[in-house]
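Novice: Have a look at this one before I ask anything.
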Amino acid sequence: MRFRTILSFTSALLSLALLICLSGCLQTAQMPQTAQPGTTVQSNHAAPPSENRIFTLAGLSWGPSADGKGFYVPQSRLLNYYDPMVQTQVPLCSQSGCYHTDESCGAYLAESAAGFVDYYGTWYVLSNEGMISAAVWKVDPKTRQRTKLCEFMGETGRDSYYFSSGLIAHGYAYLYLFHDIIEEDGSTTSNYFMIRVQLDNGKVESPFENQSVQVFGAGEDRILAAVSIFTQKPLSEEEYLAQHPDKDYFDYLDDFHDNQNPDDVVTELREYTPDLSSYEVVASGYIRGNMVPSLAHWGDLTLYAVGDDLFLYDLATGEQRQIEYQGTLRNFFFTDGRIIIYTRDPDLKVYYADPEGGPTQLLKDEGDRQSVTFSTSGECQDYIYGLYSGGETPFPCILSKEDYWAQRFDRLIRV
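Heads up: the sequence shown at position 185 corresponds to 190 in this note's numbering, and the numbers run straight through without jumps.
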């Protein structure tokens, strides 16, 4: 079966300017307040929960270790561990004399790892083997035994599969898979679709065939996903081939989707049943998630925006509430169990809020800066990994959570 959908999902979302329509249980929102001078925000010393974790991209991002005390840093073949206490990063291998170069190494993940996540003490790896096949691996951290859950293999010698990203929640992995085909004229056609993999048996489902979908999170009883809908419908395969018997229907679909006017695209945020057989519309309009998806979840809590309106959605209960702030919304995410909001009014400001309720409060006024002084990319129990941009040249570093909440940047640790 061939799967086709839109490759420009994100750009289509960003170009929408539609009226906002909301439904669901909205609690009364409170306007932001400014913290009193001298007030210190205490750290929660909280590591991200296991549910709704995004796969950490190899060589690009850091994720919390199983005990929450350090960071897992996946590379293209091996898994490294960074210990904030000793400030070192080493392959996660205890074998004496190991050169850490091949699959005999205890830190070996895959020939070409694309993503990694620790899920309740078990490792899951996305691998793109030579851009020919894409596989999902399950690894026992104690024995390092690797089990292949599923694999997608090119069949013609002119096609290949690869993963881009995904998240893991309540026994399933929701993954974004590409299928590239080299045509006879040398051009490449990319087909993109979302799959769901059952972690206990490797069963694969393709529930969103021919739809542009972004999964915002999954609970035990519901799945939240943004789906782009075209108001202009393409011809059916039967109708198209009746008019053009010598042409390819899927090429027609690609051209149809690529040439759609953004005004003809409606995005719905849908709450699906666990079997994805039915749904209710939660919101519609210009819907967006976090720019760094790994930060948009805290267990079964997830954040999304409709235009400049920010909402906290509980995947466990299906309830949501609006988070109020001042200014124009720039970005939003979780850190240390709290909600962080970047806005402009026109100065760049950083707010924080408690997921359980209460007022939104100002953490820092960044003035006319183009970016925040310290931008978060990942976290463990006591430290945050991110990029410091307060000097002439930005650099990656870690910062203790106490220093983050106090906005003290004189004790950054370069990594």
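From the three backbone atoms N, C-alpha and C, an ideal C-beta is built for every residue, glycine too.
Could you tell me whether any Cβ in chain C is nearer than 8 Å to the Cβ of ILE200?
Specialist: Among the chains in the structure shown there is no chain C, since it carries only a single protein chain.
Novice: If you follow the beta strand (DSSP E) that ASP370 is part of, which residue opens it and which one closes it?
Specialist: Taking the sequence shown and counting its residues from 1, the one referred to as residue 370 is at position 365. That run of the beta strand (DSSP E) goes 366-372.
Novice: Using 8 Å as the threshold, is the C-beta distance between ASN270 and SER289 below it?
Specialist: Locating residue 270 in the sequence shown gives position 265, where the first residue counts as 1. Locating residue 289 in the sequence shown gives position 284, where the first residue counts as 1. Per the sequence presented here, residue 270 reads as Val, with Asn not at that position. Contact: no.
Novice: What residue ranges within the region 57-129 form continuous beta strand (DSSP E) runs of no fewer than 3 residues, ordered along the chain?
Specialist: 76-79, 84-88, 93-96 and 118-124
Novice: Using the DSSP secondary-structure output, state which residues sit across from TYR177 in a beta bridge.
Specialist: Translated into positions along the sequence shown, residue 177 becomes position 172. In DSSP, TYR177 forms a bridge with ALA174 and GLN203.
Novice: Per DSSP, what are the beta-bridge partners of LYS153 in this structure?
Specialist: Here residue 153 refers to the residue found at position 148 of the sequence shown. Answer is TRP142, bridged to LYS153.
Novice: Flag this pair as yes or no: are the beta carbons of TYR421 and GLN94 separated by less than 8 Å?
Specialist: The displayed coordinates of the chain run from 6 to 420. Any statement about residue 421 would go beyond what the structure contains.
Novice: Going by C-alpha to C-alpha distance, which of TYR390, LEU246, LYS354 and PRO360 sits closest to ASP373?
Specialist: Taking the sequence shown and counting its residues from 1, the one referred to as residue 373 is at position 368. Considering only alpha carbons, the answer is LYS354.
Novice: Here's a check: name, in chain order, each residue in its chain whose Cβ is nearer than 6 Å to the Cβ of GLU285, leaving out the five neighbours to either side.
Specialist: Position 280 of the sequence shown, counting from 1, holds the residue named residue 285. In the same chain as GLU285, and ignoring 5 residues on each side of it, the C-beta atoms closer than 6 Å to its own belong to GLU276, in chain order.
Novice: Looking at the strands, I want to know which residues DSSP matches up with TRP303.
Specialist: Locating residue 303 in the sequence shown gives position 298, counting from the first residue. Its beta-bridge partners are LEU306.
Novice: At what residues does the beta strand (DSSP E) containing TYR254 begin and finish?
Specialist: The residue labelled residue 254 in the question sits at position 249 within the sequence shown. Where TYR254 is concerned, there is no enclosing beta strand (DSSP E), although the alpha helix (DSSP H) it sits in stretches over 254-263.
Novice: Thinking C-beta only, is LEU131 closer than 8 Å to GLY68?
Specialist: The sequence position of residue 68 within the sequence shown is 63, counting from 1. The sequence position of residue 131 within the sequence shown is 126, counting from 1. Cβ distance not < 8 Å, so GLY68 and LEU131 don't count as in contact.
Novice: Taking 7 Å as the cut-off, is the CB of GLN47 close to at least one heavy atom of the ligand NAP?
Specialist: By its list of ligands, the structure shown contains no ligand whatsoever, and the ligand NAP lies outside what it can speak to.
Novice: Let me confirm a value: PRO158 is counted as buried when at least 16 other C-beta atoms fall within 10 Å, else exposed. Which label applies?
Specialist: Counted from its first residue, the sequence shown places residue 158 at position 153. Correcting the residue identity first, residue 158 is Met in this sequence and not Pro. MET158 should be labelled exposed.
Novice: What does DSSP give as the partner residue(s) for VAL355 in the beta ladder?
Specialist: As a first step, residue 355 is located in the sequence shown; it is residue number 350 there, counting from the start. Paired residues: TYR347 and LYS369.
Novice: Hey, quick one: how far does the beta strand (DSSP E) through ASP319 stretch, first residue to last?
Specialist: On the sequence shown, position 314 is the one that residue 319 refers to. Where ASP319 is concerned, the enclosing beta strand (DSSP E) stretches over 314-319.
Novice: What residue from TYR347, PHE261, LEU306 and VAL232 has the CA that sits closest to TYR245's CA?
Specialist: Position 240 of the sequence shown, counted from the first residue, corresponds to residue 245. It is PHE261.
Novice: Is the distance from the Cβ of ALA139 to the Cβ of TYR113 below 8 Å?
Specialist: Reading the sequence shown from its first residue, position 134 is the one you call residue 139. Reading the sequence shown from its first residue, position 108 is the one you call residue 113. No, they are not a contact pair.
Novice: Restricting to Cα atoms, I'd like to know which of THR236, GLY162, GLY383 and LYS208 is closest to GLU189.
Specialist: For this step, residue 189 is matched to residue 184 along the sequence shown. Residue GLY162 is the option with its Cα nearest to GLU189.
Novice: Just how far apart, CA to CA, sit TYR129 and ALA223?
Specialist: Translated into positions along the sequence shown, residue 129 becomes position 124. Translated into positions along the sequence shown, residue 223 becomes position 218. Near 17 Å, if we compare the C-alpha coordinates of ALA223 and TYR129.
Novice: Within the continuous beta strand (DSSP E) that includes ALA52, where are the two ends?
Specialist: Working through the sequence shown from its first residue, we reach residue 52 at position 47. Looking at the DSSP string, ALA52 is not in any beta strand (DSSP E), and its letter there is neither H nor E.
Novice: Using the Cα positions of TYR125 and GLY332, report the straight-line distance between them to the nearest angstrom.
Specialist: If you number the sequence shown from 1, residue 125 lands on position 120. If you number the sequence shown from 1, residue 332 lands on position 327. So the alpha carbons of these two residues sit roughly 39 Å apart.
Novice: How far does the alpha helix (DSSP H) with TYR291 in it reach, from first residue to last?
Specialist: The residue you call residue 291 lines up with position 286 of the sequence shown. DSSP places TYR291 in no alpha helix (DSSP H); its state is neither H nor E.
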